[in-house]
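The structure under discussion appears below in the form of structure tokens.
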Amino acid sequence: MKMIDLNCDCGESWGSYVIGNDAAMLDIVTSANIACGFHGGDPLVLHRTLRLAKERGVNAGAHPSFLDPWGFGRRRIEVDSLADLEKIIMYQLAAFCGMAATLGVKVSHVKAHGALSNMAATDFDLSLALCRGVKAIDRDLVFFTSPGDETEKAIDELGLAKAIEIFADRAYDESGGLMARKRPGAVIHDADTAAKRIIGFLEDQAITTVDGRRIPTLIDTICVHGDNPHGVEIASKLRSALEQAGWTVAPLAAPARSGD
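Residue numbers (UniProt numbering): 1 to 260.
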């Protein structure tokens, strides 16, 4: 049976500012990466999003970031030390897991957000600090990561569980990483285009870069960004296309840790 997880970044509204349509997205996806309050989200939004995920049978995961609400976590921030970064991650995950516990929600996974994720992808030491912070709180969390980056190597180094993620609404640059958002075509808004390319990636078990290079990879989960104004449309079209292509869209079962 062909099985795939469909995830979204969500819970990023805060105060009076509404970002995305979490309720609609959580009717479509099978895993949710919920903001921990550093780039988006607040205590009320976190509680509400966790509750919505539980009601819909959607896996709930933490989406930690740099402390950058003004930049939505997408600005590069140089931390004073890697030990500081570990504590930044521990702080967010502890709050997230504590709130989840009040609702009887089991936290399934973790996924770094924005600049934190992008910087870690090319910096092994930064990735190790990120992964150590996760491991200190809950070593059973599945770490969502991009194929072949430095974070995947750090996950393997520390013996954490991982799931390989690709993006439905983002283009890949010449190196195989996510194309910088400032470049034309970096963010995909057309639902048909997004669905067609993902079906192609799955059939080929590879991603294709902007210059046409093919990079083979296993694929465990597919992300749609909740803050994409076309996110709900993309997620809906993609789920229909996956099911029509014979894929069962379902939450991830916990994979074995590296070295188990």
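Built from N, CA and C at the ideal position, the CB exists for glycine as well.
Here's a check: name, in chain order, each residue in its chain whose Cβ is nearer than 7 Å to the Cβ of residue i, leaving out the five neighbours to either side.
i, result
"N21", "V232"
"S240", "none"
"E150", "A120, A121, T122, D123, F124 and S127"
Since residue i contacts residue j with CB under 8 Å, what's their CB separation in whole angstroms?
i, j, result
"L112", "L130", "The sequence shown places Ala at residue 112, rather than the Leu named in the question. So it is a contact: roughly 6 Å between Cβ atoms."
"T145", "I137", "That belief does not hold up - the Cβ atoms of T145 and I137 are roughly 17 Å apart, past 8 Å."
"V45", "G11", "6 Å"
Excluding five sequence neighbours on each side, which residues of the same chain lie with their C-beta closer than 8 Å to the C-beta of residue i?
i, result
"L238", "L6, A168, A191, A194, A195, I198, I222 and V224"
"R181", "R74 and V187"
"D68", "F38, H39, R74, R75, I77, G114 and A115"
"A62", "N33, I34, C36, Q92, L93, F96, C97, V107, H109, V110, K111 and L141"
Give me the Cα-Cα distance between residue i and residue j, rounded to the nearest whole angstrom.
i, j, result
"D220", "S16", "35 Å"
"A100", "V210", "39 Å"
"M1", "V18", "38 Å"
"residue 261", "A32", "Within the shown structure, residues of the chain are numbered from 1 to 260, placing residue 261 beyond reach of any answer."
"S117", "L178", "10 Å"
"H189", "D9", "16 Å"
"E157", "L202", "27 Å"
"R183", "A245", "31 Å"
From the options, pick the residue whose C-alpha is nearest to that of residue i; which is it?
i, options, result
"E165", "S81, L158 and P216", "P216"
"K135", "S146, P147, Q92 and L67", "Q92"
"A23", "A83, L46, A53 and Y172", "A53"
"K87", "W247, S65 and M3", "S65"
Cutting at 6 Å between CB atoms, please list the residues of its own chain near residue i, excluding the five before and the five after it.
i, result
"V105", "L50, K54 and A60"
"I28", "A235, S236 and R239"
"L218", "I164"
"E152", "T145"
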